[in-house]
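According to the numbering used here, the sequence shown is numbered sequentially starting from 80.
We put the beta carbon where it would ideally sit given N, CA and C, even for glycine.
Inspection log for the structure reproduced underneath, given as structure tokens.
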Amino acid sequence: MKLPYLLCATVFFCASAAACAQVVVKDSWVRATVPQQQSTGAFMQITAPRDARLVDVRSPAAGIVEIHEMRMDNNVMKMRAVDGLDLPAGKTVALAPGGYHVMMMDLKTPIKAGDSVPLTLVIEEKNKQRQTIEVKAVARALGSTPESGKSPMAGEHMHQHQHQQQQ
Ligand SMILES: [Cu+2]
């Protein structure tokens with residue numbers, strides 16, 4: 080399956096072209112799951128050319144997909160669903176372990192390292208116009224070093240992906 084790599088290459092080309100007035104999504108990845116794990120997180124970097132907002136994320140791999148915020152609350156790391164995530168013009172917004180992330184729950188199948196997980200990002204601009212961006216996020220094993228040679232994101236090991244909404 081070479082297709083995901085081709086899609087990635089297109090995104091990177093776009094990122095380097097100053098004239099490209101599209102929302103750019105880079106470095107998307109999903110944390111691979113261990114047996115019995117029902118949920119996981121997806122991470123990426125998003126840059127919008129104009130003020131916009133990430134309002135929804137969908138994936139055929141999960142029954143429920145939400146945008147989550149992670150924050151310290153009385154010295155306890157908690158996460159909660161948010162309506163959306165602001166994407167200020169020209170600023171790269173990182174979805175990373177320990178911060179904002181795409182929460183994938185009710186997974187259809189386990190996600191193995193190396194799997195390509197399709198995500199659809201729904202971006203809304205100031206004028207309420209919506210666009211969708213298809214992303215193929217590559218699954219990485221917990222604690223693994225990416226093969227690409229890029230360093231893993233800081234704080235990755237601190238991210239506990241337990242879901243605390245019910246509490
Ligand atoms: Cu979460």
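Item: State the CB to CB distance for the pair residue 102 and residue 121, rounded to an integer number of angstroms; the pair is presumed to be in contact (CB under 8 Å).; Value: About 16 Å separates the two Cβ atoms, so there is no contact after all.
Item: From residue 224 to residue 178, what distance separates their C-alpha atoms?; Value: Bear in mind that a pLDDT of 45 at residue 224, under 50, signals an unreliable position, so the model cannot answer this.
Item: Go to residue 150, then tell me how far its beta strand (DSSP E) extends in each direction, as first and last residue.; Value: 141-152
Item: Is residue 182 near ligand 1, in the sense that its beta carbon is under 6 Å from a heavy atom of that ligand?; Value: yes
Item: Could you check if residue 123 belongs to the surroundings of ligand 1, using beta carbon to heavy atom distance under 6 Å?; Value: no
Item: Residue ranges of each beta strand (DSSP E) run of no fewer than 3 residues wholly in the region 190-223, ordered along the chain?; Value: 195-204 and 209-219
Item: Going by the C-beta, is residue 158 closer than 6 Å to any heavy atom of ligand 1?; Value: yes
Item: Determine contact between the region 146-158 and the region 202-222, defined as no fewer than three beta-carbon pairs at a distance below 8 Å.; Value: no
Item: Would you grab the beta carbon distance between residue 117 and residue 162 for me? Rounded to a whole angstrom, and I think it's under 8 Å.; Value: Residue 117 to residue 162, Cβ: 24 Å. No contact.
Item: Below 8 Å on the Cβ atoms is my guess for residue 203 versus residue 113; work out the distance and round it to an integer in Å.; Value: Residue 203 to residue 113, Cβ: 35 Å. No contact.
Item: Near residue 207, which residues of its chain fall below 8 Å by C-beta distance, leaving aside the five closest residues on each side in sequence?; Value: none
Item: Could you check whether the region 166-182 touches the region 125-142, counting it as contact only if at least three pairs of C-beta atoms, one from each stretch, sit closer than 8 Å?; Value: yes
Item: Look at residue 212 and residue 136 and say whether their C-beta atoms are less than 7 Å apart.; Value: no
Item: Using the C-alpha atoms, what's the distance from residue 180 back to residue 155?; Value: 17 Å
Item: So what's residue 162 in DSSP terms, helix, strand or just coil?; Value: coil
Item: To the nearest angstrom, how far is the alpha carbon of residue 115 from that of residue 189?; Value: 8 Å
Item: Kindly indicate the opening and closing residues of the beta strand (DSSP E) around residue 124.; Value: 119-126
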